[in-house]
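Just below is one structure, and these are the notes that go with it.
In this note's numbering, the protein residues as written are 217 to 653.
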């Protein structure tokens with residue numbers, strides 16, 4: 217049975233949940249181990265996506281897998297890595313090869329981390345982000361918790377018991393006091409750094425969500441960090457605080473399903489007139505003692521602005537192809553950012569990482585570490601925490617093998633000379649082909 221397409225102002229959250237539950241049946245209302253089993257043998261990150269596609273409902277799978285507009289940037293985030301070639305060096309000792317990495321003085325087992333991305337409970341209803349964070353702790357990787365998580369800042373900290381290197385991701389909200397409170401909650405809970413996403417004054421429109429009626433977060437899921445903020449307000453002031461006139465934002469709209477695609481219901485929370493002064497403000501008010509990394513930098517000009525604003529790091533990202541379609545692939549934007557920063561601060565990257573060779577190419581082009589997003593959701597859907605451990609372990613093994621074959625015994629041995637652009641400047645892909653979900 218197909219989920220009916222909605223037009224105009226879509227149905228309410230409750231109506232959507234009921235409609236999808238009747239039509240699909242939706243896996244998000246069951247634990248992952250009750251889903252249909254996949255017969256696909258998992259050998260790499262892409263296998264998890266193939267397996268998840270066979271297990272998840274069409275609306276949920278396409279919400280996770282899709283990009284905006286024609287999905288050019290979504291597609292090229294992955295394919296652009298194939299335009300960069302490795303130049304292996306031989307006859308070098310690699311008997312003690314290690315992927316250990318240091319970021320802001322923090323030791324990581326690999327230069328791969330989980331990028332902040334919201335609503336993990338859509339794929340692991342019982343544990344949500346707690347499962348992903350625990351998996352990172354088990355393999356020694358860093359975990360980024362999204363502001364739009366389905367488990368709170370404190371819940372994730374409690375679940376990991378100090379065994380995971382936790383970072384928190386923030387937006388500049390129209391409600392500046394809430395922005396500060398959320399970041400300070402993370403610092404107080406022991407998070408070791410802050411990602412500030414700066415590319416989301418508006419969200420891109422994902423046509424797959426509109427066609428599938430994915431216009432609200434299905435019940436019982438909530439963006440719990442916002443709910444916690446509401447719960448901390450006295451009953452006498454709560455009604456006024458929720459009203460649009462309190463900060464120009466109707467905070468109840470994020471669950472309303474008024475728009476055709478869900479992200480358009482949440483984007484109205486974000487400041488749409490930001491400046492670099494806002495970055496300085498957040499650093500001064502809430503991040504004096506922990507590193508602040510701006511996420512969403514795609515040009516040399518903005519990288520320079522970020523460094524001048526006093527950030528501790530820069531993250532090259534196009535929001536996984538879910539923001540502006542037609543933007544450069546992240547790996548192709550990396551070289552100009554690296555040149556502009558000039559070694560003043562570490563540079564991170566996410567977007568399109570699927571193989572250990574992708575990791576190595578990014579490191580050679582100047583990244584300190586790389587994040588993964590979509591593959592985490594697919595692994596959670598297939599096998600929860602254990603599958604995320606397996607996914608991260610596979611990427612570590614692939615990275616270690618690629619390093620050894622290229623003559624690099626440690627991450628510090630990786631140099632720019634290790635990669636070259638495709639000969640003759642040609643493209644492996646030829647004519648652009650829309651991404652296939």
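Glycine included, each C-beta is placed from N, C-alpha and C at the ideal position.
Residue i (DSSP reduced to helix, strand or coil)
i, result
"residue 585", "strand"
"residue 271", "helix"
"residue 421", "coil"
"residue 511", "strand"
"residue 479", "helix"
"residue 313", "coil"
"residue 307", "coil"
"residue 563", "strand"
"residue 527", "coil"
"residue 532", "strand"
"residue 295", "helix"
"residue 570", "coil"
"residue 630", "coil"
"residue 286", "coil"
"residue 612", "helix"
"residue 404", "helix"
"residue 352", "helix"
"residue 504", "coil"
"residue 366", "coil"
"residue 543", "coil"
"residue 397", "helix"
"residue 621", "helix"
Classification of residue i by the beta-carbon crowding that lies within 10 angstroms, buried from 16 upward
i, result
"residue 334", "buried"
"residue 633", "exposed"
"residue 531", "buried"
"residue 517", "exposed"
"residue 613", "exposed"
"residue 627", "buried"
"residue 577", "buried"
"residue 219", "Since pLDDT at residue 219 reaches only 30, below the 50 mark, its modelled position is unreliable, and the value read off the structure follows with that caveat. Residue 219 comes out buried."
"residue 504", "exposed"
"residue 499", "buried"
"residue 446", "exposed"
"residue 177", "Outside the shown range of the chain, which is 217 to 653, sits residue 177, and nothing can be said about it."
"residue 571", "buried"
"residue 309", "exposed"
"residue 481", "buried"
"residue 252", "exposed"
"residue 591", "buried"
"residue 602", "exposed"
"residue 401", "buried"
Residues near residue i in its chain [Cβ-Cβ closer than 8 Å; skip 5 each side]
i, result
"residue 506", "403, 407, 408, 409, 410"
"residue 605", "351, 354, 355"
"residue 541", "283, 284, 285, 286, 287, 288, 289, 290, 420"
"residue 337", "244, 343, 344, 345, 366, 367, 437"
"residue 396", "498, 501, 502"
"residue 385", "332, 360, 361, 362, 363, 410, 411, 412, 413, 511"
"residue 316", "323, 324, 325, 326, 626, 627"
Paired residues, beta bridge with residue i - DSSP
i, result
"residue 323", "318"
"residue 386", "412"
"residue 300", "637"
"residue 381", "358"
"residue 197", "Absent from the model: residue 197. The displayed extent of the chain is 217 to 653, so no value can be given."
"residue 330", "359, 588"
"residue 486", "389"
Nonlocal neighbours in the same chain, by C-beta distance under 7 Å from residue i, ignoring five residues either side
i, result
"residue 346", "367, 371, 372, 375"
"residue 306", "623"
"residue 428", "219, 274, 275, 278"
"residue 589", "331, 333, 536, 566"
"residue 635", "300, 301, 302, 303, 577, 580, 581"
"residue 543", "289, 514, 534"
"residue 441", "363, 365, 368, 369, 398"
Anticipated Cβ contact below 8 Å, residue i with residue j, distance rounded
i, j, result
"residue 661", "residue 575", "Outside the shown range of the chain, which is 217 to 653, sits residue 661, and nothing can be said about it."
"residue 364", "residue 439", "5 Å"
"residue 620", "residue 313", "5 Å"
"residue 525", "residue 478", "Not a contact, Cβ separation roughly 31 Å."
"residue 293", "residue 568", "3 Å"
Residues near residue i in its chain [Cβ-Cβ closer than 6 Å; skip 5 each side]
i, result
"residue 382", "359, 407"
"residue 267", "254, 256, 598"
"residue 608", "355, 357"
"residue 549", "514, 532"
"residue 189", "Beyond the ends of the chain as shown, which are 217 and 653, falls residue 189; an answer cannot be given."
"residue 495", "525"
"residue 265", "594"
"residue 573", "618"
"residue 296", "545, 547, 548"
"residue 527", "508, 510"
Test: residue i CB closer than 8 Å to a CB of chain B
i, result
"residue 407", "The structure shown has no chain B; it contains just one protein chain."
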